[in-house]
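Asks: As numbered in the working numbering, the sequence shown has no gaps in its residue numbers, which increase by one up to the final residue, 301.
Glycine included, each C-beta is placed from N, C-alpha and C at the ideal position.
Computed from a prediction, not measured in an experiment: that's the story for all the values here.
Handing you this structure, nothing more for now.
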Amino acid sequence: MAGCSPGFEGRISMTLAEFRLTYPAAAFTVSSGKPFVYRYYKNSQAKATLVLLTGGIGLSDLFYKHFASFAQDFSVLTFDYQIPFADNGEFADAVAELLRHLGERVWLVGQSLGGVVAQVIATRHPEVVEGLVLSNTCSLSGSMSEEGYRDLMQMVESQRKFKKWLSILPFSFIKGMMRRAVLKMKTDNFTAAEKVAMKEICDAMLELLTKPYEAHMIDFLCDAEHYFGLTQDDFAPWKGRVLLILSEDDITFTPACKQDLIDLMPSPTVVTHLTGGHLALMVRLEQYADLVTGFIKARME
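Structure follows, in structure tokens:
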């Protein structure tokens, strides 16, 4: 798909329904015979392509305003972590097939779990990756600190326990729990518009999420532990081309986890002042988009 995008205000005010009409989904059959569903905007004026990798909820449509915003300056591609692709390795291989089909070499832009997925894609298929932008995420380092490893494994174990509750409780109750978890985040310093943005995230999540997909996402997240062992040499091709946005008020990942990620990357640019907690990129969308756009454009010259 090619064409012109609306101005920033128009893109921010776009509804999810309007987004789906403007950027329709497509499907590509990978070599295993499985269909891979994606949204892709080919900006004929752009010199770079971004792949938006969503967090642990796994719903790429939650990034619809980011997609529309970035489409002004870049070609943009996004997708869910689809059920037919059971583990991170198989999924990364499918993404690489799609990128070769589209003739794209891309910047991987990953939030939370998406930052982990980006590391798997980059190290398995470096030939399709230009650089990485990772926000509020952790590392797959083979030399992570004892504290960082313990913190990550506690998160994995909590997800396994959550899956047991998922199998027992009505999904309406589970979604209510997830909604409260998002809305109870500290919002004292948020503007009225930013509080509305948080509510919009919840509403979209409740509309899109299903019980089978949530179960798949828990398994997909837990599977990431099988990819521990990465080294700084694995990321050497992107020295100076890694942006880490690690919000100082994000408490989802501990300081040890964040430091392990910084230590894994070769000469990364580290930004901590984008506040808003774990979902800073949602509530501070314009500032986030400016950070990412400026970083990538500076490396296109």
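(1) Comparing C-alpha positions only, which one of 143, 191, 199 sits nearest to residue 181?
(2) Can you tell which of 192, 151, 213 has its C-alpha closest to the C-alpha of residue 175?
(3) In whole angstroms, give me the CA-to-CA distance for residue 275 and residue 248.
(4) State buried or exposed for residue 139, treating a residue as buried only when at least 16 other CB atoms are found within 10 Å of its CB.
(5) Could you tell me whether the Cβ atoms of residue 131 and residue 231 are closer together than 8 angstroms?
(6) Should residue 158 go down as buried or exposed, given a rule of 16 or more other Cβ atoms within 10 Å for buried?
(7) Would you report the Cα separation of residue 95 and residue 164, rounded to the nearest angstrom?
(8) Which residues share a DSSP beta bridge with residue 294?
(9) Return yes when the Cβ of residue 106 is within less than 8 angstroms of the Cβ of residue 99, no when it is not.
(10) Give the DSSP-derived three-state secondary structure of residue 111 in the structure shown.
(11) Please state whether DSSP places residue 135 in a helix, a strand or coil.
(12) Out of 13, 103, 97, point me to the one whose CA is closest to residue 67's CA.
(13) Using the Cα positions of residue 224 and residue 60, report the straight-line distance between them to the nearest angstrom.
(14) Given residue 254, which residues of its chain have a CB within under 6 angstroms of its CB, disregarding the five upstream and five downstream residues?
(15) Where does residue 75 fall in DSSP's three states?
(16) Please state the DSSP three-state secondary structure of residue 46.
(17) Residues in the same chain with beta-carbon distance under 6 angstroms from residue 102, minus the five sequence neighbours each way, listed in chain order, please.
(18) Going by DSSP in three states, residue 53 sits in which element: helix, strand or coil?
(19) Using the rule of at least 16 other Cβ atoms within 10 Å of the residue's Cβ for burial, across every protein chain shown, is residue 210 buried or exposed?
(20) By the 10 Å Cβ neighbour count, where 16 or more other Cβ atoms means buried, how is residue 245 classified, buried or exposed?
(21) How would you label residue 278, buried or exposed, when you count the other beta carbons within 10 angstroms and need 16 or more for buried?
(22) The alpha helix (DSSP H) that contains residue 37, what's its start and end?
(23) Only counting runs of 4 or more residues, tell me where the alpha helix (DSSP H) segments fall wholly within the segment 119-178, in order along the chain.
(24) Determine the burial state of residue 137: buried for a count of at least 16 other Cβ atoms within 10 Å of its Cβ, exposed for fewer.
(25) Using CA coordinates, which residue listed in 193, 161, 273, 178 is at the minimum distance from residue 219?
(26) Verify whether the separation of the beta carbon atoms of residue 51 and residue 78 is less than 8 angstroms.
Replies: Working from what's here:
(1) Counting from one through the sequence shown, the residue named residue 181 turns up at place 181. Considering only alpha carbons, the answer is 199.
(2) Taking the sequence shown and counting its residues from 1, the one referred to as residue 175 is at position 175. The residue with the shortest Cα to Cα distance from residue 175 is 213.
(3) Within the sequence shown, the letter at position 275 stands for residue 275. Within the sequence shown, the letter at position 248 stands for residue 248. Distance between the alpha carbons of residue 275 and residue 248 is about 7 angstroms.
(4) Locating residue 139 in the sequence shown gives position 139, counting from the first residue. Residue 139 is buried by the Cβ-count criterion.
(5) Within the sequence shown, the letter at position 131 stands for residue 131. Within the sequence shown, the letter at position 231 stands for residue 231. No.
(6) For this step, residue 158 is matched to residue 158 along the sequence shown. A residue is called buried when at least 16 other Cβ atoms come within 10 angstroms of its Cβ; residue 158 does not meet this threshold and is exposed.
(7) Here residue 95 refers to the residue found at position 95 of the sequence shown. Here residue 164 refers to the residue found at position 164 of the sequence shown. A straight line joining the alpha-carbon of residue 95 with that of residue 164 spans about 30 angstroms.
(8) Your numbering for residue 294 matches position 294 in the sequence shown. In the DSSP assignment, residue 294 is bridged to no other residue.
(9) By one-based count along the sequence shown, residue 99 stands at place 99. By one-based count along the sequence shown, residue 106 stands at place 106. Contact flag set, yes.
(10) The count along the sequence shown starts at 1 and reaches residue 111 at position 111. Strand at residue 111.
(11) On the sequence shown, position 135 is the one that residue 135 refers to. Strand, per DSSP.
(12) Counted from its first residue, the sequence shown places residue 67 at position 67. Taking only the C-alpha atoms, the option nearest residue 67 is 13.
(13) Locating residue 224 in the sequence shown gives position 224, counting from the first residue. Locating residue 60 in the sequence shown gives position 60, counting from the first residue. The straight-line gap separating the alpha-carbon atoms of residue 224 and residue 60 is approximately 19 angstroms.
(14) The residue given as residue 254 occupies position 254 in the sequence shown. So the qualifying residues of the chain are 151.
(15) For the purposes of this step, residue 75 is taken as the residue at position 75 of the sequence shown. Residue state, collapsed to three classes: strand.
(16) Reading the sequence shown from its first residue, position 46 is the one you call residue 46. Residue state, collapsed to three classes: coil.
(17) Position 102 of the sequence shown holds residue 102. So the list is empty, once near-sequence residues are dropped.
(18) Counted from its first residue, the sequence shown places residue 53 at position 53. It is a strand residue.
(19) Within the sequence shown, the letter at position 210 stands for residue 210. Exposed is the call here.
(20) For the purposes of this step, residue 245 is identified with residue 245 of the sequence shown, where counting begins at 1. Counting other Cβ atoms within 10 Å of its Cβ, residue 245 reaches 16 or more and is therefore classed as buried.
(21) As a position in the sequence shown, residue 278 is number 278, starting the count at 1. Residue 278 counts as buried, since at least 16 other C-beta atoms from the protein chains shown sit within 10 angstroms of its C-beta.
(22) As a position in the sequence shown, residue 37 is number 37, starting the count at 1. Residue range 35-41 is occupied by the beta strand (DSSP E) that includes residue 37, with no alpha helix (DSSP H) assigned at that position.
(23) Complete alpha helix (DSSP H) runs here, min 4: 146-168.
(24) What you label residue 137 is simply residue 137 of the sequence shown in a count that begins at 1. Flag for residue 137 reads buried.
(25) Residue mapping note: residue 219 aligns to position 219 of the sequence shown, counting from 1. Among 193, 161, 273, 178, the Cα nearest to that of residue 219 belongs to 161.
(26) For the purposes of this step, residue 51 is taken as residue 51 along the sequence shown, with counting starting at 1. For the purposes of this step, residue 78 is taken as residue 78 along the sequence shown, with counting starting at 1. Taking 8 angstroms as the Cβ cut-off, residue 51 and residue 78 qualify as a contacting pair.
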